[in-house]
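The structure under discussion appears below in the form of structure tokens.
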Amino acid sequence: MALNHRLSVVLDTNVLLSGIAYPNSVPGKIVAAWRHGAIEVVLSQYIFDELRRVLPRLSAWHGLSAAEMDDLVDILAIDAEQVEPIKVNDPNLRDAFDQPILGTLMAAQESHAVQYLITGDKDLLALADQYAILTPAEFWARHGGV
């Protein structure tokens, strides 16, 4: 890796949600590393839309108002690099709603040299032998001192 080259990753919606709701958790530490500039995060509009859809359902966890949720997603959108997911249809991916997440990883690998998709989604993790997919704990164990 070249000097001054930041690690670049895609964060799945569940990692973003956990990081927001539980700042002291491993996903919270990953989100904090991003916010402090230690890693670069690449996301897609699909992930932002999913975040906007799910955040209100979890308001008991994070305690944010509707306006604060909108502001948060807007700030994340400013801080993240964005890609258009590649259209994929991996027959080994059990949940069709995860195809755009996998497509985000593939697009981000092409355009931003992304190293990993970080997710807690078991359906995506089942493909970790085919794609660069790690759990938050695996990523933190490897790169926690970024």
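Just so we're aligned, residue 184 is where the sequence shown starts under the numbering used here, counting upward by one. Even glycine gets a Cβ: it sits at the ideal position worked out from N, Cα and C.
query, result
"Cutoff 6 Å; reference residue 211; Cβ partners in own chain excluding five residues on either side", "202 and 205"
"Candidates 298, 303 and 245, of which the one nearest residue 209 by Cα", "303"
"Same chain only: Cβ atoms within 8 Å of residue 279, ignoring 5 sequence neighbours per side", "none"
"Residue 197 versus residue 230 - alpha carbon distance", "10 Å"
"Endpoints, the beta strand (DSSP E) within which residue 226 is located", "222–227"
"Per DSSP, cross-strand counterpart(s) of residue 299", "192"
"Residues near residue 294 by beta carbon distance below 7 Å, same chain, minus five either side", "266"
"Host beta strand (DSSP E) of residue 266 (start-end)", "264–266"
"Contact under 8 Å by Cβ, residue 239 with residue 249", "yes"
"Entirely enclosed beta strand (DSSP E) segments - the stretch 267–324, minimum 3 residues", "299–301"
"Where residue 197 sits in the DSSP three-state scheme", "helix"
"Residue burial classification, residue 274 (beta-carbon count within 10 angstroms, cutoff 16)", "exposed"
"Candidates 292, 272 and 313, of which the one nearest residue 191 by Cα", "292"
"Cβ-based burial, residue 246 [other Cβ within 10 Å; buried from 16]", "exposed"
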